[in-house]
Amino acid sequence: MQRLRFVLLTAVLCHWCQGQQRGLFPAVLNLASMAEISANATCGSLGPEMFCKLVEHVPGQPVRNPQCRICNQRSVKPFDAIMPELAKRSFRHSVDSVVCGSVRVRLRERLQHRIVMPVSECVFQIAYVIVKAANSPRPGNWILERSLDGVTFEPWQYYAITDTECLTRFNITPRTGPPSYTRDDEVICTSFYSKIPPLENGEIHTSLINGRPSADDPSPKLLNFTSARFIRLVFQRIRTLNADLMTLTLSDPRDIDPIVTRRYYYSIKDISVGGMCICYGHAKACPLNPVTKKFTCECEHNTCGESCDRCCPGYHQQAWMAGTFHTRHICEKCNCHGKAEECYFDQRVADLSLSLDIRGQRRGGGVCVGCSDYTAGTNCETCMPGFYRPVGVSADEENPCIPCSCDSDGSVKQSCVPDSDQATPSQPPGSCWCKEGFGGLRCDRCAVGYMGFPFCQRCNCSIDGSTNEDPCVTPCACKENVEGENCDRCKLGFYNLHRANQRGCEKCSCMGVSSLCSASTWTYQNESTLTGWHLVGLSGRTVWSVHRQTPPYLSVRNADVVTDLGSSYYWNAPGSYLGNKLTAYGGNLAYTVSYNTDQQEQSVIRVTSEPDLIIEGGGLKIMDGRFGQPVYPFSPSTNRIKLLPENFLDAGSAQPISRRDFLRVLANLTSMMVRASYSTEPSASLQVEMQQYREKIADASLQGDQRASAVEFCSCPAGYAGTSCEACIPGFRRVNGNLYNGVCEACHCHGHASHCDEVTGHCLDCIHHTTGPHCDTCLPGYYGNTTHGSPADCQLCTCPLSLPSNSFSPTCHLSKGGELLCDQCQPGYTGPRCDRCYNGYFGQPSVPGGSCQPCHCHGNLDLSTPDSCDPVTGRCLRCRQGYGGADCDSCAEGYYGDAITARNCQLLHRVVSLSVAVYLTDV
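As numbered in mature numbering (1 follows the signal peptide of the UniProt record, and there is no 0), residues -19 to -1, 1 to 904 make up the sequence shown, in order.
Right, dumping it as structure tokens:
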């Protein structure tokens, strides 16, 4: 096949794509210029075939018209092979210039003519396809298709002669006017490019990217939609001057005038396919490899792979992301301190802010692999077990880790504190983990209070509870709150024997209701989350929501909030840090903050007008006693404070607080705020971040490595609960809500509720079918004595049965004699338990499903007498005066009227006529 003419098109991408912060994209190439094109029907493939231009046919002219030519693929004559106006062009395959489909064949066999173009061995992102017709009109109905494998093709766009054919041929609603798109992957049908003019040299421009929603910043959906290795043009109908109507009058298509049919064919003289390598925004060049004959991305931004689809080895601090027209998404080098070349990205590490980037900030999830020089850790920042990095030695230095030197008799294991980050004031880097009784950095001597190395037996006097300079010299002098011959136990009412406590032991608080307690056996666990935090002004009235960044950290720009929140504002902790936190007593609270400034100020910002930490609870407000902790620009600073009363001040008076008040705050924390503002200047250009917040809270799981001995376990009186007797057990209430010296009083609920209101004492959520302030009344529909304290105190009313269908009174009660009385019988029922039918009603209410119904006596019963109708059968027994009949449905003898409707039976009055005869006689 002959190569189509080479046309190199370059597309100048949007000017913003060339900026330093934007992604990189290769030039757009005409991929058709290098394609091997094939067609399933070409002019002259079966022998000589004449074709003529549509516009030049004049009836009566000779067949050898100058506008007619012979197309013969087998001919060696150029003018027989291709048309004159195309003869001078260089084609690999002569018939590629004219793809014919005569009307005669078209109408008889309904063939589909296809052009298949493999654009590349690699997948390209196709931007546009331009098809140019030669000496015939543009195709009528056809489909532009794409494929990744050359086997399965999917449509890109449909073309139809009319909008109607979009519906009838392709079942797609036509897009009128110039093509437009509403979705990145929308496949439309248009008749815009199938018009009859021009009759030759017409063009079809199909844009696959421009005009789509994400054209300026392609979405993954658009990238997938425009990806292809093969392009196919499927021609289904030639654009004619209604020549196809001739078949309607001719029985045999062969009878059609060939002078007409030879003027209808497809002719394509040029195809341009604009595409660029898929380099995911990380390459600006994609040259053709002369060896592999493939286009290969010249990856930048520290990316690798044929398509720049992954980060290069050692550059996995952030997860790989495709570059866009707006953002580069450069793969960032892992910070392995020069001790590893390989690393990988771990999302969990990123979420927990455990990885240090090359700028010294805990952002990203790079995990170094194969740390050298005995280093270890996420960033090769620490040392392997058995090695440590001395104070003053940077992790970047060569061979920073040296072997631990631990005495085999005194150490637990041949390892030591590996670096300064894991060190404590009492255990610097290199300190070995000593067995009980051993001390020193190398565990090579006895600890204070022990003697006789290498056995190191305990001295008589406790170093925690005695004041002896040498605990091995008796007698033992005990601290104030300590007792025992060896000063090794707390006095009654005290707990937590500790060397740092000048009095030896802490006084039991127990909220003033007990003097007996012991040190907790629980261990401290970290509670850490950056979810749910928000910003508040110092007054607390204005709230700003804060979105957690990725990787997790909180960030705020001073300029965004200073107008609403004022110059002093705070991070406010979520609910998980609030409530009863007495078990955090003695634990550490730590948070890491940093700030960036456009002014590049390198001095320490130290704001002394506002505290760094404010805690509220129990009606009190306290603050960190250390004002203005140093925070350096562009460098995270971690502040730690132990939750003990001596480290806090009253926020109002700035005076020290008592242990009682401190426990009162912890018992009901309502607010915990960390300073987020580091300049009193409203115009200060700062961006403040909080990268982590951790609070140690005692937990019974015993999984921590530090015992929470500062937390007291009180022996509480009956009715009290909590580690410090700060709560009441279920069934008790704290009178008036007093915490210290408060009284837990039993709720008077007769065993029918577990809680009651702390102020009123009214029972909450009564159960067992009870109600009332003290659950002292049965619910309607139940009866009984609630004071017995049994779940069965209230029984369901049986009026007369417990079935809903046979319960004819909503309430009942017990009489003085203990008899159940149903007191609201429904009409028609009577008896103590609504178990009989009332006079004038009949039925069997005591039988399941039974009820009382009015007797069918037409309302003419004599209800003044009992049993006016049979209470079981309903037979009418006593009709009222003047009525009679089996159903009282007629007037009685001697009465007349309407007994059923008008019910007006009246007494019949009889008229007696007397004739009096008078006889007159003579006397």
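We put the beta carbon where it would ideally sit given N, CA and C, even for glycine.
* Give the single residue among E126, C744 and H186 whose Cα lies nearest to the Cα of L214. => Taking the sequence shown and counting its residues from 1, one reaches residue 214 at position 233. Measuring from the Cα of L214, the nearest candidate turns out to be E126.
* Give me whichever residues DSSP pairs with W503 in a beta bridge. => Locating residue 503 in the sequence shown gives position 522, counting from the first residue. W503 is not bridged to any residue.
* CB of R220 within 9 Å of CB of I177, strictly -> One-based indexing of the sequence shown puts residue 220 at position 239. One-based indexing of the sequence shown puts residue 177 at position 196. Yes.
* **In chain order, each beta strand (DSSP E) run of at least 3 residues that lies wholly inside the region 428 to 514** => 498 to 500 and 504 to 509
* To do: Return the chain-ordered list of same chain residues with a C-beta closer than 6 Å to the C-beta of D166, the five sequence neighbours on each side being excluded.
  => Looking up residue 166 in the sequence shown gives position 185. Taken in chain order, the residues that qualify are K202 and F206.
* What is the DSSP secondary structure of N569, reduced to helix, strand or coil? -> The residue you call residue 569 lines up with position 588 of the sequence shown. N569 falls in the strand class under three-state DSSP.
* To do: Report yes if the CB atom of L546 is closer than 9 Å to the CB atom of V527, and no otherwise.
  => Here residue 546 is taken as the residue at index 565 of the sequence shown, counted from 1. Here residue 527 is taken as the residue at index 546 of the sequence shown, counted from 1. It is not a contact, given that the beta carbons lie outside the stated cut-off.
* Asked: DSSP three-state call for M365: helix, strand or coil?
  -> By one-based count along the sequence shown, residue 365 stands at place 384. Coil.
* What's the call for Y534, buried or exposed, on a 16-neighbour Cβ count within 10 Å? -> For this step, residue 534 is matched to residue 553 along the sequence shown. Buried, since its Cβ has 16 or more Cβ neighbours within 10 Å.
* **Straight-line Cα distance separating P399 from G420** => The residue labelled residue 420 in the question sits at position 439 within the sequence shown. The residue labelled residue 399 in the question sits at position 418 within the sequence shown. Rounded to the nearest angstrom, the two C-alpha atoms are 18 Å apart.
* Asked: Are T779 and L801 closer than 9 Å when you measure CB to CB?
  -> By 1-based counting over the sequence shown, the position of residue 779 is 798. By 1-based counting over the sequence shown, the position of residue 801 is 820. The answer is yes: Cβ separation under 9 Å.
* Short check: CB of I259 to CB of Q106, under 9 Å? -> Translated into the one-based positions of the sequence shown, residue 259 becomes position 278. Translated into the one-based positions of the sequence shown, residue 106 becomes position 125. In contact: I259 and Q106 (Cβ atoms closer than 9 Å).
* Under 6 Å Cβ to Cβ from C413, same chain only, skipping five residues before and after it: list those, please. => Within the sequence shown, numbered from 1, the residue matching residue 413 stands at position 432. Taken in chain order, the residues that qualify are C387, S392, C397, R423 and C424.
* **Rounded separation between residue 905 and A266 - CA only** => The structure shown does not extend to residue 905, since the chain is modelled only from -19 to 904, so the question has no answer here.
* Does DSSP put V556 in a helix, in a strand, or in coil? -> In the sequence shown, the residue the question calls residue 556 occupies position 575. A small correction: the amino acid at residue 556 is Gly; Val does not occupy that position in the sequence shown. Three-state DSSP puts G556 in a helix.
* Asked: When you compare each of G824, P829 and G606 to H837 by their alpha carbons, which one comes out closest?
  -> Counting from one through the sequence shown, the residue named residue 837 turns up at place 856. Here the closest residue by C-alpha is G824.
* Look at L511 and G256 and say whether their C-beta atoms are less than 9 Å apart. => Counting from one through the sequence shown, the residue named residue 511 turns up at place 530. Counting from one through the sequence shown, the residue named residue 256 turns up at place 275. Going by C-beta atoms, L511 is not nearer than 9 Å to G256.
* Residue range of the beta strand (DSSP E) that K113 falls in? -> Here residue 113 refers to the residue found at position 132 when the sequence shown is read from its first residue. F105 to A114 is the extent of the beta strand (DSSP E) around K113.
* Asked: Once you ignore the five residues that flank H310 on each side, which residues in its own chain have a CB closer than 6 Å to its CB?
  -> Taking the first residue of the sequence shown as 1, we reach residue 310 at position 329. Hits under 6 Å: M302 and G304.
* Flag this pair as yes or no: are the beta carbons of A300 and A264 separated by less than 9 Å? => For this step, residue 300 is matched to residue 319 along the sequence shown. For this step, residue 264 is matched to residue 283 along the sequence shown. Contact flag unset, no.
* Out of curiosity, what's the CA-to-CA distance linking K34 and S161? -> Position 53 of the sequence shown, counted from the first residue, corresponds to residue 34. Position 180 of the sequence shown, counted from the first residue, corresponds to residue 161. Taking the straight line from one Cα to the other gives about 33 Å.
* Asked: Exposed or buried, what is V84 when buried is set at 16 or more other beta-carbons lying within 10 Å of its beta-carbon?
  -> Mapped onto the sequence shown, residue 84 falls at position 103. Low confidence applies to V84: its pLDDT is 34, below 50, so where it sits in the model is not reliable enough to give any reading.
* DSSP state of L889, grouped into three classes? -> For the purposes of this step, residue 889 is taken as the residue at position 908 of the sequence shown. Looking at L889 - three-state DSSP - the assignment turns out to be coil, as it is neither helix nor strand.
* To do: Could you name the residues of the same chain whose beta carbon sits closer than 8 Å to that of L148, not counting the 5 residues immediately before and after it, in chain order?
  => Within the sequence shown, the letter at position 167 stands for residue 148. So the list reads T154 and P155, once near-sequence residues are dropped.
* Which value, in whole angstroms, describes the spacing of the CA atoms of L333 and M671? -> Reading the sequence shown from its first residue, position 352 is the one you call residue 333. Reading the sequence shown from its first residue, position 690 is the one you call residue 671. In a straight line, the C-alpha of L333 is about 13 Å away from that of M671.
* For V537, the three-state DSSP class (helix, strand or coil) -> Here residue 537 refers to the residue found at position 556 of the sequence shown. The answer is strand: DSSP assigns V537 an E or B state.
* Proximity of E322 and N283 at Cβ, strictly below 9 Å -> What you label residue 322 is simply residue 341 of the sequence shown in a count that begins at 1. What you label residue 283 is simply residue 302 of the sequence shown in a count that begins at 1. Their beta carbons are not under 9 Å apart, which means E322 does not touch N283 by this criterion.
* Have a look at A773 and S871 and give me their C-alpha separation to the nearest angstrom. => Taking the first residue of the sequence shown as 1, we reach residue 773 at position 792. Taking the first residue of the sequence shown as 1, we reach residue 871 at position 890. If I take the Cα positions, the gap works out to 55 Å.
* From the DSSP output, which residues share a beta bridge with S253? -> For this step, residue 253 is matched to residue 272 along the sequence shown. BP columns for S253 point to I111.
* **Spatial distance of S117 from N182 (CA atoms)** => Working through the sequence shown from its first residue, we reach residue 117 at position 136. Working through the sequence shown from its first residue, we reach residue 182 at position 201. The straight-line gap from Cα to Cα measures roughly 7 Å.
* Please determine, among F216, Q342 and N360, the residue with the shortest C-alpha to C-alpha distance to residue 906. => Because residue 906 is not part of the residues shown, which for the chain are -19 to 904, the question remains open.
* Asked: What are the partner residues of E281, as DSSP defines its beta bridges?
  -> Translated into positions along the sequence shown, residue 281 becomes position 300. E281 pairs with nothing; no bridge assigned.
* Asked: What residues are listed by DSSP as bridge partners for N794?
  -> Numbered from its first residue, the sequence shown carries residue 794 at position 813. Correcting the residue type first, residue 794 is His in the shown sequence and not Asn. Answer is L802, bridged to H794.
* Under the three-state reduction of DSSP, which class applies to L647: helix, strand or coil? -> Working through the sequence shown from its first residue, we reach residue 647 at position 666. The answer is helix: DSSP assigns L647 an H, G or I state.
* For I595 and A540, believed in contact at Cβ under 8 Å, the rounded distance -> Along the sequence shown, one-based indexing puts residue 540 at 559. Along the sequence shown, one-based indexing puts residue 595 at 614. Their Cβ separation, rounded to whole angstroms, is 24 Å, which puts A540 and I595 out of contact at 8 Å.
* Which of helix, strand or coil does DSSP assign to M15? -> As a working mapping, residue 15 is identified with position 34 in the sequence shown. Three-state result, M15: helix.
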